[in-house]
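*Asks:*
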Amino acid sequence: MGNGIIFKVAVGVCCALAVCALASCAPKGAAVGDTGASRPDDPAHVDSPGETRTVAVVGSANGADGLVEEALDADGYKVVLTPVDAADDAGDARIQAVRDAVGRNVSLIVIAGTDMSRQPDRWRDALRLARDAGIPVVLLDPVSQPDDDELFAASFRVNDRMMDAVPVGEAVRRVIEDEPHGRDVIVTTLH
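Under mature numbering (1 follows the signal peptide of the UniProt record, and there is no 0), the letters of the sequence shown match residues -30 to -1, 1 to 161, in that order.
Quick look at the structure:
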């Protein structure tokens, strides 16, 4: 009889640990990478020495996303660009690229020039997948944003003419390290 109780307790403990292990990496009430906005006095996150961050850029090699890719590469980020402008259905290709980036376990996903009012359910699912994996998402020059602010950390708008624009590498670092940042950030790709 004693062995049966021990076995049941052991199974219960294992089940509890499994539930904890499968819990989402997403913060409550905020987007991944955006919780620092409500705690400006918290200390900054410190990286491990030599850590290289991988940023997935979903968009095209032309335009602002190409400039962002070049600027991030110059700042030492490993950039994986998924050009979708030549795809038969660019919306589907962008959604699949987000799913692929989650599978790669990147540090950040940047989605360029997307109209999320088209296929909103599929976008919600893809962005929730990134959220549950603990990967922050930034929208770059979005046409429209999802209704749920917890699905993306910030929107970046590229304007290389503004003197007070934040260098894109610095803005990306703030999101990845969950430091305070605005929801709408004007960034520059110039060094």
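Glycine included, C-beta positions come from ideal geometry on N, C-alpha and C. Since this is a predicted model, take the numbers as computed values, not measurements.
Take GLU21 as the anchor and find which of VAL28, GLY46, PRO150, PRO90 has the nearest alpha-carbon.
*Replies:* Of the candidates VAL28, GLY46, PRO150, PRO90, the one whose C-alpha sits nearest the C-alpha of GLU21 is GLY46.
*Asks:* Tell me, to the nearest whole angstrom, how far the beta carbon of VAL49 is from that of VAL27; I am working on the premise that it is less than 8 Å.
*Replies:* Confirmed, Cβ separation roughly 6 Å.
*Asks:* Compute the distance between the beta-carbons of residue 163 and SER30, then report whether it is under 7 Å.
*Replies:* Given that the chain is displayed from residue -30 to residue 161, the structure contains no residue 163 and the question cannot be resolved.
*Asks:* Can GLN89 be considered in contact with the ligand SAH, in the sense that its beta carbon sits closer than 6 Å to one or more heavy atoms?
*Replies:* Of ligands this structure carries none, so the ligand SAH is not represented either.
*Asks:* Tell me whether GLY104 sits in a helix, a strand or coil according to DSSP, three-state version.
*Replies:* coil
*Asks:* What did DSSP end up calling LEU160 once you bin it into helix, strand or coil?
*Replies:* coil
*Asks:* Please check the pair THR159 and ASP130, which I expect to be a contact at CB under 8 Å, by giving their CB distance rounded to whole angstroms.
*Replies:* 6 Å
*Asks:* Alpha carbon to alpha carbon, how far is SER87 from GLN115? Give it in angstroms, no decimals.
*Replies:* Taking the straight line from one Cα to the other gives about 7 Å.
*Asks:* Which of helix, strand or coil does DSSP assign to GLY152?
*Replies:* coil
*Asks:* Got a sec, what are the start and stop residues for the beta strand (DSSP E) ALA124 sits in?
*Replies:* Counting along the chain, the unbroken beta strand (DSSP E) around ALA124 starts and ends at 124 to 128.
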